[in-house]
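Going letter by letter, the sequence shown gives residues 39 to 359 in our numbering. Heads up, the beta-carbon is just placed ideally off N, CA and C, and yes, glycines get one too. Here is the structure we will look at.
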Amino acid sequence: MESKASAPGKAILFGEHAVVFGQPALAFAVDKRAYVSLKKSSGKKSTIKSTDLNFEASFDLSRGIDILKNQKKGIVNYILGALSLGHDGSPLEIELSMEMPVGAGMGSSAAVTVATLAAAYNLHHKNIDISNLAKKAHEVELMVQGAASPLDTAVSTNGGLVYLDENSEISSHQAYLDNSLILGYTSYRGNTGEMVDSVRKRRERFPQIMDPVIESVGNITRQALKLLSQDNLDKEYLGELMNINQGLLDSMGVNTPELSRMIFNARKYGALGSKITGAGGGGSIIAFCPGKLEKVLHILQKTDSAINADFSKEGVLIHHK
Ligand code: PMV
39 MESKASAPGK AILFGEHAVV FGQPALAFAV DKRAYVSLKK SSGKKSTIKS TDLNFEASFD
99 LSRGIDILKN QKKGIVNYIL GALSLGHDGS PLEIELSMEM PVGAGMGSSA AVTVATLAAA
159 YNLHHKNIDI SNLAKKAHEV ELMVQGAASP LDTAVSTNGG LVYLDENSEI SSHQAYLDNS
219 LILGYTSYRG NTGEMVDSVR KRRERFPQIM DPVIESVGNI TRQALKLLSQ DNLDKEYLGE
279 LMNINQGLLD SMGVNTPELS RMIFNARKYG ALGSKITGAG GGGSIIAFCP GKLEKVLHIL
339 QKTDSAINAD FSKEGVLIHH K
């Protein structure tokens, strides 16, 4: 039997970094997915293949989580972590296909983890409960990378717009932003842990200055949630909130010349708002460009990579043949 599942990547719209200090964050599922297919194998070993990522490997799954220690870091670890929770260790033929870049802050690891868990549960005819799946996927992320907020796995599981509130509670929301979002990414990915640490240090050095900055980002995120819940979205207002959030991210010290170049190019060519998305220090930007999508894509692709990354209502999906 073959079992195939997929899950979307994510982009943070508002609240990165401030969320580390107890403020809310708002993220959405991107219409770029990770697909994982699992097939029981008649061989002794398990195999994994990804044409998109250009790798192939074989290993003994019955060694469970132990093999994680011997694996190179990377996306395979998340598959193995998920299988250690959702599968019995018998040999599998695993196939992974990715529509999103890995390591660009698009939550590729969470998408792969959620898709693998769902495919494994389906293979074993287990009932898939969405909130339990999100919880298990977060456990896998903690197991593999040590620290992780539950935001990425919640978005990959639920799809749509996801709000992480002041108490780290997750809620799902509707949003109406059609075909107007772009993700631009530099070839250099900032290290999330190091970026979080540098913001923490700046806050320690300048508490009276940085605390209000962090609080302001929280206020932006709260306003954005209200705004996005309305049928008749005030697009200019939303764009301006993104630009203000960007100024505050800059004051936290997570901007780079490359990110700034993309952010200002996007605005120059018609984006209503553009900002860093994720940890910064390299990595990605998000631009909101109603009616100007092609123009902004084109200008960003001249110097960096950029994709149209729209909202996906769909979270995790099982693909029946
Ligand atoms: O760049 P990403 O996708 O790893 O996002 C990091 C977001 C931070 O707020 C900077 C850290 C976090 O754990 O929330």
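Report whether the distance from the Cβ of Ala317 to the nearest heavy atom of the ligand PMV is below 7 Å.
-> Locating residue 317 in the sequence shown gives position 279, where the first residue counts as 1. Because some heavy atom of the ligand PMV lies under 7 Å away, the Cβ of Ala317 counts as near it: yes.
Residue environment, Arg243, which counts as buried when at least 16 other CB atoms sit within 10 Å | Position 205 of the sequence shown, counting from 1, holds the residue named residue 243. Burial call: exposed.
Counted within 10 angstroms of its Cβ, other Cβ atoms place Asp249 as buried (16 or more) or exposed = As a first step, residue 249 must be located in the sequence shown, where it is residue number 211. So Asp249 ends up on the exposed side.
Return the Cβ separation of Gly308 and Val334 in integer angstroms, given the expectation that the two are a contact with Cβ distance under 8 Å.
-> Within the sequence shown, numbered from 1, the residue matching residue 308 stands at position 270. Within the sequence shown, numbered from 1, the residue matching residue 334 stands at position 296. So it is a contact: roughly 6 Å between Cβ atoms.
Quick check: the stretch 188-207 against the stretch 284-299, are there 3 or more CB pairs under 8 Å?
-> By the criterion of at least three beta-carbon pairs nearer than 8 Å, the stretch 188-207 is not in contact with the stretch 284-299.
Return yes when the Cβ of Thr230 is within less than 8 Å of the Cβ of Gly53, no when it is not.
-> Start at 1 with the first residue of the sequence shown, and residue 53 comes out as number 15. Start at 1 with the first residue of the sequence shown, and residue 230 comes out as number 192. Cβ distance not < 8 Å, so Gly53 and Thr230 don't count as in contact.
Contacts around Tyr116, its chain only, beta-carbon distance under 6 Å, and the 5 residues preceding and following it disregarded | As a position in the sequence shown, residue 116 is number 78, starting the count at 1. Contacts found: Ser147, Val150, Thr151 and Val182.
Distance CB(Val140)-CB(Ser350) smaller than 8 Å = The residue labelled residue 140 in the question sits at position 102 within the sequence shown. The residue labelled residue 350 in the question sits at position 312 within the sequence shown. Contact: no.
Excluding the five sequence neighbours on either side, which residues of its own chain have a C-beta within less than 6 Å of the C-beta of Leu266, listed in chain order?
-> On the sequence shown, position 228 is the one that residue 266 refers to. Close CB contacts of Leu266 within its chain, under the 6 Å cut and outside five residues either way in sequence, are with Ala213 (chain order).
Nearest to Arg71 by CA position, among Lys48, Gly318, Glu207 and Ala156, is which residue?
-> Within the sequence shown, the letter at position 33 stands for residue 71. Comparing Cα-Cα distances from Arg71 to each of Lys48, Gly318, Glu207 and Ala156, the minimum goes to Lys48.
Counting only runs of 3+ residues fully inside the stretch 73-148, write out the beta strand (DSSP E) ranges in chain order.
-> 84-88, 93-97 and 130-136
Identity of the residues DSSP links to His357 by a beta bridge = Here residue 357 corresponds to residue number 319 of the sequence shown, with the count starting at 1. Answer is Lys42.
Check the DSSP bridge columns for Ser322 and list the partner residues they point to.
-> Against the sequence shown, residue 322 aligns to sequence position 284. Bridge partners of Ser322: Tyr223 and Thr315.
With a threshold of 16 other CB atoms inside 10 Å of the CB of Asp190, please say whether the residue is buried or exposed.
-> Position 152 of the sequence shown holds residue 190. Looking at its Cβ environment, which holds 16 or more other Cβ atoms inside 10 Å, Asp190 is buried.
Identify the continuous alpha helix (DSSP H) that holds Ile166 and give its terminal residues.
-> One-based indexing of the sequence shown puts residue 166 at position 128. Run containing Ile166: none; DSSP gives neither H nor E here.
Using a Cβ-Cβ cut-off of 8 Å (strictly less than) and excluding sequence neighbours within five positions of Arg227, which residues of its own chain qualify?
-> Position 189 of the sequence shown holds residue 227. If we look at Arg227 and ignore the five residues flanking it on each side, its Cβ neighbours are Gly141, Ala142, Gly143, Gly320 and Gly321.
Span separating the alpha-carbon of Asn108 from that of Val114 | Residue mapping note: residue 108 aligns to position 70 of the sequence shown, counting from 1. Residue mapping note: residue 114 aligns to position 76 of the sequence shown, counting from 1. Note that Asn108 has pLDDT 49, beneath the 50 cutoff, so the model's placement of it is unreliable and no number is given.
Give the secondary structure of Lys361 by DSSP, where H, G and I count as helix, E and B as strand, and everything else as coil.
-> No information on residue 361 is available, as it lies outside the stretch 39 to 359 that the chain covers here.
Any 3 or more C-beta pairs closer than 8 Å across the stretch 272-286 and the stretch 311-318 = yes
Delimiting residues of the alpha helix (DSSP H) encompassing Gly193 | Locating residue 193 in the sequence shown gives position 155, counting from the first residue. Reading off the sequence shown, one finds Val at residue 193, where the question assumed Gly. Residues Leu189 to Asn196.
Rounded separation between Glu253 and Ala317 - CA only | On the sequence shown, residue 253 is found 215 positions in, with the first residue counted as 1. On the sequence shown, residue 317 is found 279 positions in, with the first residue counted as 1. The straight-line gap from Cα to Cα measures roughly 18 Å.
Top-ranked residue by Cα proximity to Pro328, from Ala304, Gly222, Pro188 and Val74 = The sequence position of residue 328 within the sequence shown is 290, counting from 1. Cα-wise, what sits closest to Pro328 is Ala304.
Cutoff 6 Å; reference Ala172; Cβ partners in own chain excluding five residues on either side = Within the sequence shown, the letter at position 134 stands for residue 172. Taken in chain order, the residues that qualify are Thr191, Ala192 and Thr195.
By Cβ distance, which residues of its chain are closer than 8 Å to Tyr159, with the 5 residues on each side in sequence left out?
-> Taking the sequence shown and counting its residues from 1, one reaches residue 159 at position 121. Exclusion of the five residues before and after Tyr159 leaves Gly124, Asn165, Ile166 and Leu171 as the residues of its chain whose Cβ lies within less than 8 Å of its Cβ.
Output the distance between the C-alpha atoms of His357 and Lys42, rounded to the nearest integer angstrom.
-> Translated into the one-based positions of the sequence shown, residue 357 becomes position 319. Translated into the one-based positions of the sequence shown, residue 42 becomes position 4. If I take the Cα positions, the gap works out to 5 Å.
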